[in-house]
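Residue numbers (this note's numbering): 18 to 461.
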């Protein structure tokens, strides 16, 4: 946690050695502060700089870490009295660098009770700078969203991106029904509500560890944002099919495919990282998901799948992951303006390879957890231009899934894709397209 506040924005949680010294309650509070500072970093730093009367870069790192923690608590943790937030931050500064304790005490007392109202719109010469600071996002990303959505809706998106969502679960119907899981979690002290779009999704509220509940131990639940559950539903796997999960990761979608097919599909799950494949195997065992062959390799390497043919390919492509910012706020500081375009080139190459591996009459589901058109609509347009034998199949036009997406019309674009937004739909940002080989002109 401390490393994150010293400037390594990619690390936003406590290290193992730090967490080991904390009881669970303190560990959760420490994680809340660390994530909170990263989520609201620009606003926190503006207040720190103005209270200090100098630029952030001129404040020594230990003092800056302590000041950030103090300002965050003054702004966003009303349950912590202001005097306690100041005192704890001064104690931290004294531990990190004793000579900075007086400065941190002076700085935080200058922030005062009016911190919640800082900064004001009048402190900025233009709307973009104001939005980027008050919502704590890099200017390049705010500029993109304002251009695409307009300032008013972009502000709604920025606000939603800074809202920490409750856990989303995927119910494993090989083990239980959503109603059965909801009942078991209620007994364990958790409140649940059904997902709005994915039929097996549950949104959960409550304190305690979900991993210690009976549904988790029995393999009846998997942690997965509702937006991430849509791609496998669009794929609509069937028993007897041979399916490629081209970039499987830890197997969230591979196990979902197995579940939807009633363990009757043959799933080849490819990833370059052996540790991720080990976690896939562990997840599959807990969930009882059968028929999954883990294969270490790079899809772009012809040796990985050779000249094999698949009835369907799920390409959950590497992307900027900007749609996952609500759960991973460090992403907004780690990415660059050039990333969507750069990653779109990789996505196009993966689509090309997926097409080679697809059997006649087969289908590709292309998905990303990005908000950006380069990694969605534009990537598909480029692929179709080079592959006139493929078409866009409008999702939901020919229902064949065991489970269908609810409220589908809210997610569909005019071209028949799915596009989800945190501020519109209350789930992560994602894009899903269904492509089919042959069958006439493009639909949607």
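Each residue gets a CB set at the ideal place from its N, CA and C atoms; glycine is no exception.
All of these numbers come straight from a predicted model, not from anything done at the bench.
Where residue i falls: helix, strand or coil (DSSP)
i: residue 450; result: strand
i: residue 378; result: strand
i: residue 210; result: strand
i: residue 407; result: strand
i: residue 238; result: strand
i: residue 185; result: strand
i: residue 307; result: coil
i: residue 423; result: coil
i: residue 218; result: strand
i: residue 283; result: strand
i: residue 137; result: coil
i: residue 464; result: With the chain covering only 18 through 461, there is no way to say anything about residue 464.
i: residue 358; result: helix
i: residue 205; result: coil
i: residue 300; result: helix
i: residue 59; result: helix
i: residue 179; result: coil
i: residue 255; result: coil
i: residue 244; result: helix
i: residue 72; result: coil
i: residue 265; result: coil
i: residue 200; result: helix
i: residue 64; result: helix
i: residue 337; result: coil
i: residue 393; result: coil
Counterpart residues of residue i in DSSP-defined beta bridges
i: residue 132; result: According to DSSP, which records beta bridges pairwise, residue 132 is partnered with nothing at all.
i: residue 288; result: 313
i: residue 429; result: 435
i: residue 385; result: 448
C-alpha gap between residue i and residue j, whole angstroms
i: residue 94; j: residue 442; result: 27 Å
i: residue 386; j: residue 316; result: 19 Å
i: residue 60; j: residue 159; result: 14 Å
i: residue 365; j: residue 409; result: 16 Å
i: residue 388; j: residue 357; result: 9 Å
i: residue 73; j: residue 51; result: 18 Å
i: residue 376; j: residue 64; result: 58 Å
i: residue 427; j: residue 394; result: 17 Å
i: residue 195; j: residue 80; result: 49 Å
i: residue 460; j: residue 368; result: Because residue 460 carries a pLDDT of 42, less than 50, the predicted location of this residue cannot be relied on, and the following value inherits that uncertainty. Distance between the alpha carbons of residue 460 and residue 368: 19 Å.
i: residue 138; j: residue 176; result: 16 Å
i: residue 56; j: residue 164; result: 23 Å
i: residue 274; j: residue 154; result: 35 Å
i: residue 32; j: residue 372; result: Note that residue 32 scores 42 on pLDDT, short of 50, meaning its location in the model is unreliable and no value can be drawn from it.
i: residue 21; j: residue 405; result: Any reading at residue 21 is ruled out, since the residue's pLDDT is 45, under 50, leaving its predicted position unreliable.
i: residue 454; j: residue 54; result: 48 Å
i: residue 260; j: residue 78; result: 50 Å
i: residue 193; j: residue 237; result: 6 Å
i: residue 283; j: residue 311; result: 11 Å
i: residue 136; j: residue 212; result: 36 Å
i: residue 100; j: residue 225; result: 29 Å
i: residue 119; j: residue 69; result: 12 Å
i: residue 217; j: residue 186; result: 8 Å
Beta-carbon spacing of residue i, residue j below 7 Å
i: residue 435; j: residue 407; result: no
i: residue 222; j: residue 183; result: yes
i: residue 396; j: residue 361; result: yes
i: residue 325; j: residue 306; result: no
i: residue 333; j: residue 270; result: yes
i: residue 433; j: residue 244; result: no
i: residue 354; j: residue 157; result: yes
i: residue 342; j: residue 352; result: no
i: residue 253; j: residue 287; result: no
i: residue 125; j: residue 103; result: yes
i: residue 248; j: residue 382; result: yes
i: residue 198; j: residue 232; result: yes
i: residue 173; j: residue 345; result: no
i: residue 16; j: residue 205; result: The requested residue 16 does not occur in the structure, where the chain is confined to residues 18 to 461.
Residue range of the alpha helix (DSSP H) that includes residue i
i: residue 476; result: The requested residue 476 is not part of the displayed model; the chain covers only 18 to 461.
i: residue 56; result: 41-56
i: residue 93; result: 78-93
i: residue 484; result: The displayed coordinates of the chain run from 18 to 461. Any statement about residue 484 would go beyond what the structure contains.
i: residue 351; result: 348-351
i: residue 260; result: Here residue 260 belongs to no alpha helix (DSSP H); instead the beta strand (DSSP E) covers 259-262.
i: residue 271; result: 269-277
i: residue 322; result: 319-322
i: residue 250; result: 247-252
i: residue 148; result: 144-151
Residue span of the beta strand (DSSP E) that contains residue i, given as start and end
i: residue 442; result: Element bounds for residue 442: not the beta strand (DSSP E) but the alpha helix (DSSP H), 439-442.
i: residue 159; result: No beta strand (DSSP E) holds residue 159; the alpha helix (DSSP H) holding it covers 156-166.
i: residue 330; result: 327-333
i: residue 227; result: No beta strand (DSSP E) contains residue 227, which DSSP labels as neither H nor E.
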